[in-house]
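Structure, as structure tokens:
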Amino acid sequence: MLITGGLGFIGSNLAHALAAAEARVSIADSLIPLYGGNKFNIHGIEGNVQVKICDLREADKIRQLVKGQDFIFNLAGQVSHIDSMRDPFTDLEINCRSQLTLLEACRNSNPGVKVLYAGTRNQYGKADYLPVDEKHLTHPTDVNGVDKLAGEMYHLIYKDNYNIRTCSLRMTNTYGPRHVMKTPRQGFLAWFIRQAIDNETIKVFGDGKQQRDFNYVDDVVSALLLAALSEKSEGKIYNLGTGKPVSVGEAAQAVVEVAGSGKIDYVPFPEDKKKIEIGNYYADYSRAKKDLGWIPRTEFREGLRKTIEYYKKFKKHYWQDGIPNDSFCGP
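Taking the numbering used here, the leading residue of the sequence shown gets 351, the next gets one more, and so forth.
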């Protein structure tokens, strides 16, 4: 099995689960600074995984990596909404060109492989109705959402035209151990957690009433594994979610209470972030439940407790080179 972005947040948690099951695991990661790759994320399983430091755009290397793989968990990507607006061409390169490079490698070197793609709820943009199901129109609010949607469509096209067994999971806000904590640009909840642990002030934009789905990373890993093993998932798109939305303000309050430190301040939205704010979002994940038997099992506060305990224990491996911030960056 190959995990692209395997030294990152979701990829490394998946690697731990597969290593525990004694699977043969290969990891490809570019370790681009601040994208989330961290060698400490595979602490304890270093001897059970093979790691290749490479970029998905390096076609020759990727062709070699995909050979002989039964499954590819394609989790590599640029996930910052703000960065995609400030540097759209890099987002295009990583979230579009690299996806085609991987799929072409599969087509030419391993057409029987199954590929699981990490989509995002940001592909939907502002919700027309709630909960959002897979039939909801896609109208992203930023470049990242557009490029992630294109990456997903590439995977589905390669299923239709070349019979590459592909599947996309549209993930919502995912949290847990091994997330990048050096910057707020890849998820506001992780930054809230860092600020609370450091007994700092969490800045919440607006009134904090905008709702979100939060999936604990172990539940996302479970969804990836179930989709990999299911024939029903081939050529399909699945929403992940919880069915239990939490407002941003409630999430901040829960973080402070679970951490036992930190405080909260409500501030106006900066203009660049206000333009791409999606408002309320929570998903209908009934298709994943029906086809895959998947349900999220981790309650929000329990997930926070596990997450905060992890970072308090391993803080030095995640806090270094922290970037000053003006609050959370992204919907």
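Cβ coordinates follow ideal geometry from the N, Cα and C atoms, glycine included.
For clarity, every value in this text was computed on a predicted model and none was experimentally measured.
Quiz item: For A426, which three-state DSSP category applies?
Solution: Taking the sequence shown and counting its residues from 1, the one referred to as residue 426 is at position 76. Looking at A426 - three-state DSSP - the assignment turns out to be coil, as it is neither helix nor strand.
Quiz item: In terms of DSSP beta bridges, what is A378 paired with?
Solution: Working through the sequence shown from its first residue, we reach residue 378 at position 28. Answer is T354 and K402, bridged to A378.
Self-check item: Close-in-space but distant-in-sequence residues of the same chain around K389 (CB under 7 Å, 5 per side omitted)
Solution: Against the sequence shown, residue 389 aligns to sequence position 39. Within the same chain, K389 has close Cβ partners L357.
Quiz prompt | Length of the line joining the Cα atoms of K586 and E550 | solution = Counted from its first residue, the sequence shown places residue 586 at position 236. Counted from its first residue, the sequence shown places residue 550 at position 200. If you take the alpha carbons of K586 and E550, they lie about 43 Å apart.
Quiz item: In three-state DSSP terms, what is N630?
Solution: Against the sequence shown, residue 630 aligns to sequence position 280. Coil, per DSSP.
Quiz item: Tell me which same chain residues have a C-beta within less than 8 Å of the C-beta of F564, skipping the five on either side of it?
Solution: Walking along the sequence shown from the start, residue 564 turns up at place 214. Excluding positions up to five away in sequence, the list reads T522, N523, T524, Y525, L539, T592, V596, A601, F650 and G653.
Practice problem: Compare the Cα-Cα distances from S376 to each of I360, I422 and G387 and report the closest residue. | Solution: Reading the sequence shown from its first residue, position 26 is the one you call residue 376. Nearest C-alpha to S376: I422.
Quiz item: Who are the Cβ neighbours of V493 in its own chain at under 7 Å, not counting the five residues just before and after it?
Solution: By 1-based counting over the sequence shown, the position of residue 493 is 143. The answer, listed in chain order, is S434, M435, P438 and D441.
Quiz item: Are the beta-carbon atoms of Q560 and V598 separated by less than 8 Å?
Solution: Locating residue 560 in the sequence shown gives position 210, where the first residue counts as 1. Locating residue 598 in the sequence shown gives position 248, where the first residue counts as 1. In this structure, V598 lies closer than 8 Å to Q560 by Cβ.
Quiz prompt | Sequence-distant residues of the same chain with beta carbon closer than 6 Å to Q428, five excluded per side | solution = Sequence index remark: in the sequence shown, residue 428 carries index 78 (1-based). Hits under 6 Å: D441, I444 and N445.
Quiz item: Can a CB atom of chain B be found closer than 8 Å to the CB of A373?
Solution: Among the chains in the structure shown there is no chain B, since it carries only a single protein chain.
Quiz prompt | Check whether R515 and E584 have beta carbons under 8 Å apart | solution = In the sequence shown, residue 515 corresponds to position 165, counting from 1. In the sequence shown, residue 584 corresponds to position 234, counting from 1. Yes, these two residues count as a Cβ contact at 8 Å.
Quiz item: Touch check for the stretch 459–475 and the stretch 501–518: three-plus C-beta pairs under 8 Å?
Solution: yes
Quiz item: Within the chosen definition, does the stretch 471–489 reach the stretch 627–643 through at least 3 CB pairs nearer than 8 Å?
Solution: yes
Practice problem: State buried or exposed for N589, treating a residue as buried only when at least 16 other CB atoms are found within 10 Å of its CB. | Solution: Against the sequence shown, residue 589 aligns to sequence position 239. By the 10 Å Cβ count, N589 comes out buried.
Self-check item: Nearest-angstrom Cα separation, counted from E659 out to D420
Solution: By 1-based counting over the sequence shown, the position of residue 420 is 70. By 1-based counting over the sequence shown, the position of residue 659 is 309. Taking the straight line joining both Cα atoms gives about 35 Å.
Quiz item: So does M351 have its beta carbon nearer than 7 Å to some heavy atom of the ligand FMN?
Solution: Absence of the ligand FMN is noted for the structure shown, with no ligands found whatsoever.
Practice problem: Check V530 in the structure and name its three-state DSSP category. | Solution: In the sequence shown, the residue the question calls residue 530 occupies position 180. Three-state DSSP puts V530 in coil, outside helix and strand.
Quiz item: For N460, does the count of other Cβ atoms within 10 angstroms reach 16, so buried, or fall short, so exposed?
Solution: Here residue 460 refers to the residue found at position 110 when the sequence shown is read from its first residue. Its Cβ being crowded by 16 or more others within 10 Å, N460 is buried.
Self-check item: Limits of the unbroken alpha helix (DSSP H) element including R457
Solution: Taking the first residue of the sequence shown as position 1, residue 457 is located at position 107. Unbroken alpha helix (DSSP H) run through R457: S448 to S459.
Quiz item: Buried or exposed: where does P383 fall if 16 or more other Cβ atoms within 10 Å of its Cβ makes it buried?
Solution: The sequence position of residue 383 within the sequence shown is 33, counting from 1. So P383 ends up on the exposed side.
Self-check item: Cβ-based neighbour list, A365, same chain, cut-off 7 Å, excluding 5 preceding and 5 following
Solution: Position 15 of the sequence shown, counted from the first residue, corresponds to residue 365. Cβ within range, chain order: I353, G356, V375, I377, I392, I395 and V399.
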